[in-house]
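Student:
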Amino acid sequence: MIRIKFREPETAAWKRWVKDCEKATAKLRDDYEAGNTIEITELYKRKSIKKEVYFSKTGPFRGRCAYCESYIADLQRGDVEHFRPKRAVTDENDVPVTITRPGGRQEQHPGYFWLAYNWKNLLPSCTSCNQPGDEGIGKRNRFPLEPPPGHGITDTDITTERPLLINPADPDDDDPENHLDIELETGIMCSRNNSRRGEACVKIFGLNIRDQLVNGRRAAMEEVTANYLKLLTVDDAKARIVRDQLKEMEQGSLSYTLARRAQIRKTKERLGIK
């Protein structure tokens, strides 16, 4: 997982979708206040937006899962995932979260339904990171917090929440690389400085129990090493090409960038390169 710099597209399709989402959100709020059934449609994953923004290899997410950095199309179908769950909320162990209403009545959290169409709450995710899977992995409705306070049910409430999971596209959230690191010898992802947020991401998204992820990170790091070895043998013209490739690996346009950056830092350290 790495920081993703998301800028709103300027296309007519995007602007039209955002307006439609704003209208749909207003209806959700009205229905909730009136005690009506909340009906969330598939507007949030409109086909054109999903294809051109969230899953495009030329889009801000580069066609990758926002959580595990794998190319979604290469492994499985993907989801437009809600960082704050839209219909229900569970904790780190997938136990339903309860809230206390005025008068002391307790009920299950209704989900952050008013964020169902908010693009700031939407991320592309591979099925394995999002849906129920083996060994208890998969985000589903999980949204654990560092207490206190508890889970919010209004826009004001959520400003004081302290999520354990990291939203890599939120500029106000921490950089994932402050919380996650790579064991260079194995490709295993671990928390940096015993970060609880890093540990939660590794656990919930199953970042180490899926062989294709560990192997992919190892292959990415081996590619870095191979390119540095090339620099020792090729002429100046080819060396420029190799340096451009290394720069691309470091900038974040390829899969498993966190692992590539870790290997680049280590290799530079060994070779005395600044």
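Just so we're on the same page, my numbering is the position in the sequence shown counted from 1, plus 210. Beta carbons: idealized from backbone N, C-alpha and C, even for Gly.
#1: Using DSSP with H/G/I as helix, E/B as strand and the rest coil, what is Thr-221?
#2: Where do the N-terminal and C-terminal ends of the beta strand (DSSP E) with Leu-417 fall, by residue?
#3: Would you mind reading off the limits of the beta strand (DSSP E) that contains Ile-392?
#4: Rounded to a whole number of angstroms, what is the C-alpha to C-alpha distance between Gln-316 and Gly-245?
#5: Rounding to the nearest angstrom, what Cα-Cα distance links Ile-363 and Thr-251 in this structure?
#6: Would the segment 350 to 357 count as touching the segment 260 to 277 if we require 3 or more Cβ pairs under 8 Å?
#7: On the CB-based measure, 16 or more other CB atoms within 10 Å of its CB, does Ser-280 come out buried or exposed?
#8: For the alpha helix (DSSP H) containing Met-459, list its first residue and its last residue.
#9: Once you ignore the five residues that flank Ile-474 on each side, which residues in its own chain have a CB closer than 6 Å to its CB?
#10: Are Lys-296 and Tyr-264 closer than 8 Å when you measure CB to CB?
#11: Measuring CA to CA, which of Arg-480, Gly-482, Ser-463 and Lys-476 is closest to Cys-275?
#12: Helix, strand or coil: how does DSSP classify Asp-385 here?
#13: Indicate the three-state DSSP secondary structure (helix, strand or coil) for Glu-317 in the structure shown.
#14: Just to confirm, is the Cβ distance from Leu-524 to Glu-387 under 8 Å?
#15: So, helix, strand or coil for Met-399, using DSSP?
#16: Quick one: what's Val-290 bridged to in DSSP?
#17: Taking the C-alpha atoms as reference points, what is the distance between Val-307 and Asn-404?
Tutor: Well, looking at it:
#1: Coil.
#2: It is not in any beta strand (DSSP E) - Leu-417 carries neither H nor E in the DSSP assignment.
#3: 390 to 392
#4: 17 Å
#5: 20 Å
#6: no
#7: buried
#8: 446 to 461
#9: Val-434 and Glu-460
#10: no
#11: Ser-463
#12: Three-state DSSP puts Asp-385 in coil, outside helix and strand.
#13: Here Glu-317 sits in strand by DSSP.
#14: In the structure displayed, the chain extends from 211 to 484; residue 524 sits before or after that span and is not available.
#15: strand
#16: Pro-334
#17: 26 Å
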